[in-house]
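So the sequences go chain by chain: A and B. All the letters of the first sequence, read from the start, carry residue numbers 0 to 310 under numbering that gives the first Met the number 0. All the letters of the second sequence, read from the start, carry residue numbers 0 to 220 under numbering that gives the first Met the number 0. The beta carbon of each residue, even a glycine, is placed where N, CA and C say it ideally should be. To keep things clear, I will list the structure first and then write my remarks on it.
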Amino acid sequence: MIPDLIVLLAWIGGLLVVATLIGHVLQRRLSPDGRNEGVENLVARIRAWWVMAILIALAFLAGRTGVVILFALCSFAALREFVTLTNARRADHWTLAIAFFVVIPLQYWLVWAGEYGIYSIFIPVYAFLLGPIVSALRCETTNFLVRVAEIQWALMIAVFCASHVPALLTLDIPGHEGRGVLLIAFLIVVVQMSDVLQYVWGKLIGRRRIAPRLSPSKTVEGFAGGVLSATAIGAMLYWITPFTPLQAAVMAFVIAIMGFFGGLVMSAIKRDRGVKDWGHTIEGHGGFIDRLDSVVFSAPIFFHLTRYWWT
Amino acid sequence: MRDTLTHLAAAATAGAIEVLARLVTAVRADWDGVEPVPGRRVYYANHCSNGDFVLIWTILPHRLRRDVRPVAGADYWLSSPLKRFIGRHVFNAVLIDRTGTGPRKAPVEQMAEALDRGSSLILFPEGTRNLTERPLLNFKSGLYHLALARPEVDLVPVWIENLNRVMPKGEIVPIPLLCRVRLGAPVRLTPSEGKDAFLSRSREALLALAPETASTSKTPA
Chain A
0 MIPDLIVLLA WIGGLLVVAT LIGHVLQRRL SPDGRNEGVE NLVARIRAWW VMAILIALAF
60 LAGRTGVVIL FALCSFAALR EFVTLTNARR ADHWTLAIAF FVVIPLQYWL VWAGEYGIYS
120 IFIPVYAFLL GPIVSALRCE TTNFLVRVAE IQWALMIAVF CASHVPALLT LDIPGHEGRG
180 VLLIAFLIVV VQMSDVLQYV WGKLIGRRRI APRLSPSKTV EGFAGGVLSA TAIGAMLYWI
240 TPFTPLQAAV MAFVIAIMGF FGGLVMSAIK RDRGVKDWGH TIEGHGGFID RLDSVVFSAP
300 IFFHLTRYWW T
Chain B
0 MRDTLTHLAA AATAGAIEVL ARLVTAVRAD WDGVEPVPGR RVYYANHCSN GDFVLIWTIL
60 PHRLRRDVRP VAGADYWLSS PLKRFIGRHV FNAVLIDRTG TGPRKAPVEQ MAEALDRGSS
120 LILFPEGTRN LTERPLLNFK SGLYHLALAR PEVDLVPVWI ENLNRVMPKG EIVPIPLLCR
180 VRLGAPVRLT PSEGKDAFLS RSREALLALA PETASTSKTP A
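Here's what the structure looks like:
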């Protein structure tokens with residue numbers, strides 16, 4: 000496992016070095032005084048990419064505990080962003096306190112312990128029923144269904160779905176023992192490369208908009224180019240997975256498609272709430288959910304496909 | 000020795016409070032019409048939560064934070080040893096006697112004195128926490144008397160957004176939510192301006208920083 004992981008991390012590091020050099024050249028040519036917003040945003044993004052890559056690499060090297068803690072913190076940040084935009088009011092105070100301080104630690108502890116039978120239903124069943132009960136105790140009926148539905152949705156997206164990334168570590172795939180982090184690396188690399196390449200293809204040849212009201216920057220050409228390139232990258236990464244090259248391509252295709260539509264769904268929520276980004280925590284990217292939306296939508300599907308056919 | 004220990008404890012407490020504030024609120028500062036540069040100022044803000052001044056203190060750069068002192072009620076901050084330590088040594092608060100009993104200096108005099116010693120102030124001109132549905136209560140006259148006493152000091156309006164949702168009155172567990180602190184262009188008392196005109200102008204300057212929903216959907220003063 001370790002040699003393959005080192006090779007992969009070296010590739011990612013190399014990619015970031017190239018991106019940083021391109022950013023520098025663009026900055027010197029097009030934005031010498033720091034005025035070109037597009038270029039400055041690109042440079043800020045690349046800098047944030049470095050931080051994210053280093054954090055993930057450290058978590059990988061720290062093993063299961065490191066990865067679980069990293070994603071628990073991501074869930075915390077994502078839930079914080081999501082709840083900020085909901086109609087939650089004072090009567091939901093305890094429901095939210097439980098969501099943040101009980102549900103997140105418990106879900107991730109169950110994932111860490113590999114308790115598939117409980118962590119896969121804890122939020123969809125237990126939190127789903129307990130949340131509205133706690134909210135109802137305060138006898139505040141205004142917008143009740145909207146409030147409890149929003150909180151449940153927030154938990155499903157920010158905690159349940161996100162926790163399926165570290166859950167990949169708990170899969171026992173014959174012949175792939177101890178290589179769980181590489182499965183996570185496969186998922187994250189494919190999703191993020193798909194995001195980046197959709198952006199690049201869209202800038203280069205993008206003409207027809209796919210969903211102008213949801214996301215003005217997403218184009219048919221960007222979508223097709225990004226998904227196909229990500230599929231190719233996934234196929235080339237087969238050596239870190241238990242899949243054959245063809246299987247890896249199919250998995251990467253599914254991941255990229257889910258990621259794309261995840262971004263679309265989360266955009267619809269942002270448009271409805273009248274915000275451009277989910278937050279302001281990651282320089283150049285916006286919030287945690289802006290960066291995680293596609294991962295969150297693809298992780299559970301990737302997890303279950305792998306679990307069903309390979310274990 | 001004792002002083003050094005107190006100093007260290009205060010620095011450690013300040014660090015812990017800042018980490019906690021950032022973890023819960025991921026607070027972001029928007030400097031709209033004023034820059035984060037040193038100089039004597041009065042930061043005046045809306046007041047919905049006990050954590051208000053902590054949030055303003057958190058977003059100030061370190062060199063500004065050293066010289067800024069919140070104006071707070073002595074009855075609250077002297078009521079227990081821990082609060083006294085935090086009020087005196089961590090935040091270096093200007094403690095105002097709100098009860099009106101015993102010998103006391105006029106609050107405005109105390110604030111002017113702190114400004115004369117080179118400090119900036121954090122002030123809540125509504126005088127008390129706003130627990131109503133209105134976005135902002137009417138100002139008490141303190142801000143006017145302070146502006147009259149020190150007309151050369153910039154009064155910077157500061158709108159604190161969302162903190163009242165993090166910890167509503169009566170709750171003990173904070174809910175993590177994103178907060179924003181917006182600082183606007185400074186206000187000063189003009190020579191011919193009366194008390195009511197100044198108070199309503201400075202209040203409008205603060206209200207103008209509120210997000211649209213807060214300033215339009217609810218009935219104005």
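Would you give the residue range spanned by the alpha helix (DSSP H) that residue i belongs to?
i                     : result
residue 96 (chain B)  : Careful: residue 96 (chain B) lies outside any alpha helix (DSSP H) and carries neither H nor E.
residue 160 (chain B) : It is not in any alpha helix (DSSP H) - residue 160 (chain B) instead sits in the beta strand (DSSP E) that spans 153-160.
residue 146 (chain B) : 141-148
residue 135 (chain A) : 127-135
residue 388 (chain A) : One cannot answer for residue 388 (chain A) here, as it falls past the ends of chain A, which runs 0 to 310.
residue 75 (chain A)  : 63-83
residue 237 (chain A) : No alpha helix (DSSP H) holds residue 237 (chain A); DSSP gives it neither H nor E.
residue 289 (chain A) : 287-309
residue 165 (chain A) : 163-166
residue 54 (chain B)  : 51-58
residue 61 (chain B)  : 61-64
residue 31 (chain A)  : Taken as a continuous stretch (DSSP letters only), residue 31 (chain A) belongs to no alpha helix (DSSP H), as it is neither H nor E.
residue 84 (chain B)  : 80-84
DSSP three-state label for residue i, please.
i                     : result
residue 74 (chain B)  : helix
residue 15 (chain A)  : helix
residue 5 (chain B)   : helix
residue 115 (chain B) : helix
residue 207 (chain B) : coil
residue 14 (chain B)  : helix
residue 47 (chain A)  : helix
residue 264 (chain A) : helix
residue 169 (chain B) : coil
residue 226 (chain A) : helix
residue 196 (chain A) : helix
residue 213 (chain B) : Any reading at residue 213 (chain B) is ruled out, since the residue's pLDDT is 48, under 50, leaving its predicted position unreliable.
residue 5 (chain A)   : helix
residue 69 (chain B)  : strand
residue 36 (chain B)  : coil
residue 209 (chain A) : coil
residue 103 (chain A) : helix
residue 120 (chain A) : coil
residue 94 (chain A)  : helix
residue 200 (chain B) : helix
residue 189 (chain A) : helix
residue 53 (chain A)  : helix
residue 169 (chain A) : helix
If you follow the beta strand (DSSP E) that residue i is part of, which residue opens it and which one closes it?
i                     : result
residue 119 (chain B) : 119-122
residue 43 (chain B)  : 40-44
residue 28 (chain B)  : 27-30
residue 182 (chain B) : 179-182
Could you tell me how far apart the beta carbons of residue i and residue j are, in whole angstroms, since I believe they sit closer than 8 Å?
i                     : j                     : result
residue 73 (chain A)  : residue 287 (chain A) : 6 Å
residue 197 (chain B) : residue 146 (chain B) : 7 Å
residue 181 (chain B) : residue 31 (chain B)  : 6 Å
residue 179 (chain B) : residue 29 (chain B)  : 7 Å
residue 11 (chain A)  : residue 52 (chain A)  : 6 Å
residue 110 (chain A) : residue 169 (chain A) : 7 Å
residue 92 (chain B)  : residue 68 (chain B)  : 6 Å
residue 126 (chain A) : residue 154 (chain A) : 6 Å
In chain E, which residues lie less than 8 Å from residue i when you measure between Cβ atoms?
i                    : result
residue 25 (chain B) : Any reference to chain E falls outside this structure, whose protein chains are A and B.
* Asked: Which residues, taken in chain order from the stretch 81-92 of chain A, show a beta carbon closer than 7 Å to some beta carbon of chain B?
  -> If the cut-off is 7 Å between Cβ atoms, the stretch 81-92 of chain A has 82, 83, 89, 92 near chain B.
* Touch test, the stretch 189-196 of chain A against the stretch 137-149 of chain A, Cβ-Cβ under 8 Å, three pairs minimum -> no
* To do: Could you tell me whether the stretch 39-53 of chain A touches the stretch 149-161 of chain A, where touching means 3 or more Cβ pairs closer than 8 Å?
  => Taking one beta carbon from each stretch, the stretch 39-53 of chain A and the stretch 149-161 of chain A have fewer than 3 pairs nearer than 8 Å; the two do not touch.
* Given 8 Å, three or more beta-carbon pairs between the stretch 11-30 of chain B and the stretch 83-99 of chain B -> yes
* Counting Cβ pairs, one atom from each stretch, are 3 or more of them under 8 Å apart for the stretch 246-257 of chain A and the stretch 230-237 of chain A? -> yes
* Asked: Is it true that the stretch 50-69 of chain B meets the stretch 155-171 of chain B, where meeting means three or more beta-carbon pairs spaced less than 8 Å apart?
  -> yes
* Touching or not, the stretch 164-179 of chain B and the stretch 80-98 of chain A, by the rule of three or more beta carbon pairs under 8 Å? -> yes
* Please determine if the stretch 129-136 of chain B and the stretch 189-209 of chain B are in contact, where contact requires at least 3 C-beta pairs separated by less than 8 Å. => Judged by Cβ distances under 8 Å, the stretch 129-136 of chain B makes contact with the stretch 189-209 of chain B, as three or more pairs qualify.
* Give a yes or no on contact between the stretch 173-182 of chain A and the stretch 91-99 of chain A, applying the rule of three or more CB pairs nearer than 8 Å. => No, because fewer than three Cβ pairs between the stretch 173-182 of chain A and the stretch 91-99 of chain A fall closer than 8 Å, the two stretches do not touch.
* Near-chain A residues of the stretch 50-63 of chain B - C-beta to any C-beta below 8 Å -> For the stretch 50-63 of chain B, which is checked against every Cβ of chain A, not one residue is closer than 8 Å.
* At a cut of 8 Å, does the stretch 57-74 of chain A reach the stretch 263-277 of chain A through at least three beta carbon pairs? -> no
* Asked: Can you list, in chain order, the residues of the stretch 107-131 of chain B whose Cβ is nearer than 9 Å to any Cβ on chain A?
  -> none
* To do: Below 7 Å between beta carbons is the criterion; list the residues of the stretch 162-192 of chain B that meet it against any residue of chain A, in chain order.
  => 167, 170, 172, 174, 175, 176, 177
* Determine which residues of the stretch 17-37 of chain A have a Cβ less than 8 Å from any Cβ of chain B, and write them out in chain order. => none
* Pull out every residue of the stretch 4-16 of chain A whose Cβ sits closer than 7 Å to any Cβ of chain B, in chain order. => Per Cβ criterion, the list is empty.
* Asked: Between the stretch 211-245 of chain A and chain B, which residues of the former have CB atoms less than 9 Å from a CB of the latter, in chain order?
  -> none
* For the stretch 17-29 of chain A against the stretch 41-50 of chain A, are there 3 or more C-beta pairs whose distance is under 8 Å? -> yes
* **Stretch-stretch touch, CB-based, cutoff 8 Å, three pairs: the stretch 260-270 of chain A with the stretch 205-214 of chain A** => yes
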